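Quick note on the working numbering: the sequence shown kicks off at 1 and runs consecutively.
Where is the CB? At the ideal position from N, CA and C, for every residue including glycine.
All values reported here derive from a predicted model rather than from experimental measurement.
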Amino acid sequence: MGILVIGSVAFDSVETPFGKVDDVLGGSATYFSTSASFFTDVRLVAVVGEDFPEEPLDFLRSRKVDLTGLKRSPGKTFRWKGKYGFDLNEAQTLDTQLNVFEQFHPELPAGYEDAEYLFLANIDPELQMEVLQQVRRPRLIACDTMNFWIEGKREALIKTLKRVDTLVINEGETRQLADEPNLVRAARKVLAMGPKTLVVKRGEYGVLMFTEHSIFSAPAYPLESVFDPTGAGDTFAGGFMGYLAATRSDDEATIRRAIVFGSVMASFTVEDFSLDRLRRLQYSEIEERFRRVKLLTDFEGLS
Ligand code: AMP
1 MGILVIGSVA FDSVETPFGK VDDVLGGSAT YFSTSASFFT DVRLVAVVGE DFPEEPLDFL
61 RSRKVDLTGL KRSPGKTFRW KGKYGFDLNE AQTLDTQLNV FEQFHPELPA GYEDAEYLFL
121 ANIDPELQME VLQQVRRPRL IACDTMNFWI EGKREALIKT LKRVDTLVIN EGETRQLADE
181 PNLVRAARKV LAMGPKTLVV KRGEYGVLMF TEHSIFSAPA YPLESVFDPT GAGDTFAGGF
241 MGYLAATRSD DEATIRRAIV FGSVMASFTV EDFSLDRLRR LQYSEIEERF RRVKLLTDFE
301 GLS
């Protein structure tokens, strides 16, 4: 059955110490669905404006992403502008233009309400809630958000979180959401808001997963050249959810493997601007990197 995702489809303008691009393909749902499509079927719900070209849509269709739920509305496509310094772990948002998302209310196409795996990618928590109200009983509801919504729509976000099984956010967002500087205590506070599992993305330092009873740590794949971190989080979530949906399993070992697949997917995205690296990616490369990450932390059983 695959995954249903709602999130942004965007034009991004990004500056890193290594280069600059304007109005390239981006958006949380775009990165997520491309990444997840390496593992399972994806159905995307979002909106673009009249200015959005066909080529990226053809690309998503070529990855077998179902675009029945992608609406084209009068007006301009969502735009995000960001900048990274030498510390590539944290983006500085320079500009966010919601544009067509300001008037958007998601309406799920027929059949989408039976979604088993739902990912509420980074977008207005009120829109995330509108999708939650239209689905029947997903096996797994996961969610992402960012400082923009934690600051601007905190109440709506807290409501959404009550209905979420797994929250996937970065380290700074975890501290900000919990209003607590210590990450472990912050994680406990976030778990008390509703999610049973919290996945904390820590850029080049990897991922920490918290549940009530356990903590799991996965490293990021060590890369010699990180070009542009934009989309790493969404790509992570796509690999993570994609693997869970493909295996249809939710035991701890599968969840841990899903986290490593997510990290592997993110490691490709950051090697180029926009979705350029994902566009060239082969499944065999994913498997190869997964094997290398496994060896990276193996300190027992070597002879
Ligand atoms: P990340 O994976 O966290 O690097 O997410 C990057 C993507 O998030 C970019 O492609 C942006 O278009 C998108 N984005 C940035 N700000 C927002 C926002 N406020 N709501 C939805 N999507 C956003």
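Short note on isoleucine 123: C-beta closer than 6 Å to some heavy atom of the ligand AMP. For phenylalanine 261, the shortest separation between its Cβ and any heavy atom of the ligand AMP does not lie below 6 Å.
Aspartate 23 and isoleucine 158 have their C-alpha atoms spaced approximately 32 Å apart. Under a 10 Å Cβ-count criterion, asparagine 182 is classified as exposed, with fewer than 16 other Cβ atoms of the shown protein chains found around its own Cβ.
Excluding the 5 residues flanking it on each side, alanine 115 has same chain C-beta neighbours closer than 6 Å at Leu4, Val135 and Pro138, in chain order.
In the DSSP assignment, lysine 20 falls outside any alpha helix (DSSP H) and within the unbroken beta strand (DSSP E) covering 19-26. If you draw a straight line from the Cα of methionine 265 to the Cα of glutamate 155, it comes to about 32 Å. By the CB criterion at 7 Å, glycine 206 and glycine 239 fall outside the cutoff.
With a cutoff of 6 Å, phenylalanine 104 does not count as near the ligand AMP, since its C-beta is closer than that to no heavy atom of the ligand. Buried is the label assigned to arginine 277, since at least 16 other Cβ atoms lie within 10 Å of its Cβ. For the 7 Å CB-CB criterion, valine 168 and proline 229 do not form a contact.
For the ligand AMP, a non-hydrogen atom lies closer than 6 Å to the CB of aspartate 12.
Taking the C-beta atoms as reference points, glycine 111 is found no nearer than 7 Å to glycine 75.
By the Cβ criterion, the region 183-192 is in contact with the region 200-214, since at least three pairs of Cβ atoms, one from each stretch, lie closer than 8 Å. The Cβ-Cβ distance between glutamine 97 and arginine 72 does not fall below 7 Å.
Residue pairing for glutamate 15: DSSP places it in a beta bridge opposite Lys20 and Lys83.
Residue pairing by DSSP leaves isoleucine 286 without any beta bridge partner.
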